[in-house]
Amino acid sequence: MSVVSTPALPSTEPLVFAQTLRRWAPGIALVLPATLFLTVFFVWPTLQMIVLSVTQRRVDGVLIEGLTFDNYLRLFSNDLYLRVLLRTLRLAAASSLVAVLLAYPLAIAIARGGPALSRLVTITLVAPLLVNVVVRSYGWSAILNNAGALAYVLKVTGLSSSPPALLYTEWAVLIACVHVYLPFVVMPIATAIGRIEPSLEEAARVAGASRMMAFLRVTCPLSLPGLAVGASLAFSLTAAAYVMPQILGGNFSPLLGTLIEQQVLTLSDWPFGAAISTLLILVVLSVNLVFIGLLNRHFSRWTGGAK
Amino acid sequence: MNASSVSLPIRLLVVLLLVVIMAPLAVPMLMAVSDSPFLTFPPQGFTLRWFERVLLSREAQASFLFSLQLACWSTIVALLLGVPAAAALVRYSFPGRSAIIGLMLSPVIVPLIVTGVALLQMFSSLGWGDTLTQLIIGHAVVCLPYVVRSVTASFMLVNRDLEDAAAVMGAPPYKVLTRVVWPQVRPGILAGAVFSFVVSFDDYPISMWLADGRHFPLPLYLHGLLERSIDPSIAAISTLVILFALLLVIVIEKVFGISIARLAT
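Going down the list, the sequences are from chains A and B. When you line the first sequence up against the working numbering, it's residues 761 to 1067, in that order. When you line the second sequence up against the working numbering, it's residues 5 to 269, in that order.
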C-alpha cells in the first residue's frame, strides 16, 4: 500500500496547503475584526505609552527627546514618589490578605451551605459590583465619618463613645477595596472548595480530626489554586484603584493611580505619567506571574495536582 | 452534603459579613429620606424632597441618559466584535489561536486607569475622533473580554450532534444556525451583553480621561456632586443608582436566568 501512495505525495502537497488555508479562513475571518480592534485601540496605545516613558522627558516644562531612563530614576530617587509606590504595594497586599481571610467563611457557605444559603451569599456578595464606585465610596464615607453610622452603632451599643477616625485614612480605602474586590476572591475559592469531595473531609473527621484540623489539613490546601487566583486579582485591582483613594483617602494618601492623574492632567508631564503607568502594569503583571508560578511549582505538591 | 456541614459559628460570621457588605448600600438609602441638610446618622424625620430635587435636575438627567446611551453603544460594538470572535475561537482551528485568546482577555489584566490614559494619549496625538466615539471605543475595549468569555463558554456547551442531526434531515446551513445553534448560545450572548452594559454604565477610570463637559457619564457627575455638596441630595441620587442596580440583579437572575456570580469569575 505504502509503495502505491508514495509517488502521489509531492503532487498533493500544494493541495493540502490550499485545503489547510481554506480550513483556517473562516476562523480567521471571524476573529479578525476583534483582533484588529484590540491591536489598534489597546495594544498599540499601551506600547506607545511604554515607549514614550523612555524616549521623552520634561525638564523645566520643556520636552526633550531621546532615549532616557530619567523618568524612572526620578520615580525611584524622589522620596515622595517612593512613598506613594510603597503605600500602593502595602495597601494592595493588605487588601489581598484581608480579602482572603474573609473569603473562606463565605466560600464555605457558598460551596457547602445548600442551595438557599449559597444563593443568598452569592447575590449579596456580587450585588455591590453592579453599583458604581462613586456611590459605593459615598456609602462608606456615610458610615465611617465621625457622625456616621459606625460611630452611632458604637455609641448605642456602648462599645465606644469616641469612634475611631477612619475616614480620610488608608483604613477607609482598605475597607472599601476589600468590600468590592471580595467577590473576586470568594468565587474562585468557592469553586475550588466545591470540587473537593466532601467524603475527604468526612474521612478526616471520622479519623478523629477536629473541624478546624480538617479545614486546615484538607480543605485549605486543596483550595489553594482558587486562593492564588483570587489573591492576585485583589492585589491587582487594589493597586490600580483610583476613585476610592480619592474619595475615602483624603488628599494626603494618594496611590499610583492618583499620581498618574496629577502628572498627566494637572502638570501635563506625559512622559513621567507614562513611566508611572508602565510601573503599575509591571507591578500587576509580576504579581500575577509570581502567584501563577507559585501555584504551578509549589502548590501542586500539596494539592495533589488539583486545578 | 447537607446544610449542617456549615457549622453554627461560621453561619453567624457569614450573616455578620453579609450585613457589613450590604451596609454601604443601605446607609445612603436611609440618609436619602432624612429631613436634615446634614449627613448625620441616624436620619431625622422623613422627606422625599431630596428625590424631587435630584429627579428635576437637568444635569443629573443628562448624565444618566448619556451613560445609558454610552453603555448601549459600547455593548453593541462589543457584541459585534466579540460574538464572531468567540464563535471562531471555539469552532475553528487556526494559527495563533491561543495568543488571540490571551489578547481578548488582556484588557481585564491591564489597570483600567492605564488603558484610559494610553487611549487619551493616542487620540490626542492623532487629533482624531469626537468625544462620543472615543468613549465608545474605550468602553468597548473593556467590555469585550466579558462578551468573549461569556459567549465562548456557551459555544463550548453547544451539542454538535444536534447540528449533524438537523443537517442529515435536510436543514440548510442557515436553518441549522438559526434553529439549532442560536437557541443554545443565546443565553451566553445575553449574559455577555448584560455584563458589558453594567461594566460600561459603571465605568469611571476610562471615562475620566476621555469625557468632556458635554459628554459626562453618571459616575463622573456623581463624583463632581460629591465634591461640591454635602446635603442628602447625593444620598438620594445614590439611592436611585442602587435601586437601578438591584433592579438589574432581579432582571438578570429572574428574567434572564443568568447567575450574576459570573460577573466575578
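Where a beta carbon is used, it is the ideal one built from N, C-alpha and C, also for glycine. Bear in mind that the values here come from a model prediction, so they are computed numbers and not experimental data.
The segment 773-848 of chain A contains, as complete beta strand (DSSP E) runs of 3+ residues, the segments 816-819, 822-825 (chain order).
Secondary structure of ASP235(B) (DSSP, three-state): coil. The Cβ atoms of TRP54(B) and ALA36(B) sit closer than 8 Å to each other. Along the segment 198-221 of chain B, going in chain order, the ones with a CB nearer than 7 Å to a CB of chain A are VAL202, ASP206, TYR208, PRO209. Take PRO111(B), set aside five residues on each side of it, and the residues of its chain with a beta-carbon closer than 6 Å to its own are VAL145, VAL146, PRO149, in chain order. For ASN1048(A), the nearest beta carbon of chain B is closer than 8 Å to its own beta carbon.
When DSSP states are grouped into helix, strand and coil, ASP207(B) belongs to the coil group. Along the segment 806-822 of chain A, the positions whose C-beta sits under 8 Å from a C-beta of chain B are THR806, GLN808, MET809, LEU812, read in chain order. PRO47(B) is positioned such that its CB atom lies no closer than 8 Å to that of ALA902(A). Of VAL791(A), THR1018(A), PRO1031(A), the smallest CA-CA separation from GLY821(A) is found for PRO1031(A).
If the five residues before and after ALA240(B) are omitted, its C-beta is found closer than 8 Å to the C-beta atoms of ALA36, TRP54, PHE55, ARG57, VAL58, all from its own chain and listed in chain order. If you keep only unbroken alpha helix (DSSP H) runs of at least 4 residues inside the segment 1008-1040 of chain A, you get 1016-1021.
Taken through DSSP and simplified to helix, strand or coil, ASP216(B) comes out as strand. At least one CB of chain A lies nearer than 8 Å to the CB of TYR96(B). DSSP places ALA1000(A) outside any alpha helix (DSSP H), giving it a letter other than H or E. Contact annotation, ALA988(A) with ILE1052(A): C-beta distance approximately 7 Å; criterion of less than 8 Å satisfied. Residue environment for ASN1056(A): exposed (fewer than 16 other C-beta atoms within 10 angstroms of its C-beta). Check the Cα spacing between ARG153(B) and each of ILE104(B), SER38(B), ALA170(B), LEU166(B): the tightest is with ILE104(B). For a Cβ distance threshold of 8 Å, residue set TYR898 of chain A lies close to ILE238(B), ordered along the chain.
What ALA1000(A) touches in chain B, judged by beta-carbon distance under 7 Å, is PRO115, LEU116, ILE117, going in chain order.
A Cβ-Cβ distance of about 19 Å is found for the pair VAL1003(A) and HIS219(B), leaving them out of contact under the 8 Å criterion.
The beta carbons of SER897(A) and THR998(A) sit no closer together than 8 Å. The CB of THR882(A) comes closer than 8 Å to the CB of SER263, ILE264, ALA265 in chain B, given here in chain order. Between SER211(B) and SER78(B), the gap from beta carbon to beta carbon reaches 8 Å or more. Judged by DSSP in its simplified three-state form, SER920(A) adopts coil rather than helix or strand. Distance from the CA of VAL121(B) to the CA of LEU960(A), rounded to the nearest whole angstrom, comes to 50 Å. Judged by DSSP secondary structure, MET160(B) falls within the alpha helix (DSSP H) whose first and last residues are 135-160. In the DSSP assignment, SER110(B) falls outside any alpha helix (DSSP H) and carries neither an H nor an E. Pairing LEU1054(A) with VAL1047(A), the inter-Cα distance amounts to about 11 Å.
Taking a Cβ-Cβ cut-off of 7 Å, the neighbours of MET26(B) in chain A comprise THR884, given in sequence order. If you draw a straight line from the Cα of ASN1011(A) to the Cα of TYR928(A), it comes to about 8 Å.
Of the residues assessed, GLN779(A) falls on the exposed side of the cut-off, its CB having fewer than 16 other CB atoms within 10 angstroms.
Interface annotation, ALA994(A): not in contact with chain B, CB-CB separation never under 8 Å. Beta-carbon to beta-carbon, ALA249(B) and VAL891(A) are separated by about 5 Å, close enough to satisfy the 8 Å threshold. LEU29(B) is a Cβ neighbour of PRO888(A), given a cutoff of 8 Å. For LYS179(B), the uninterrupted alpha helix (DSSP H) segment begins and ends at 177-180.
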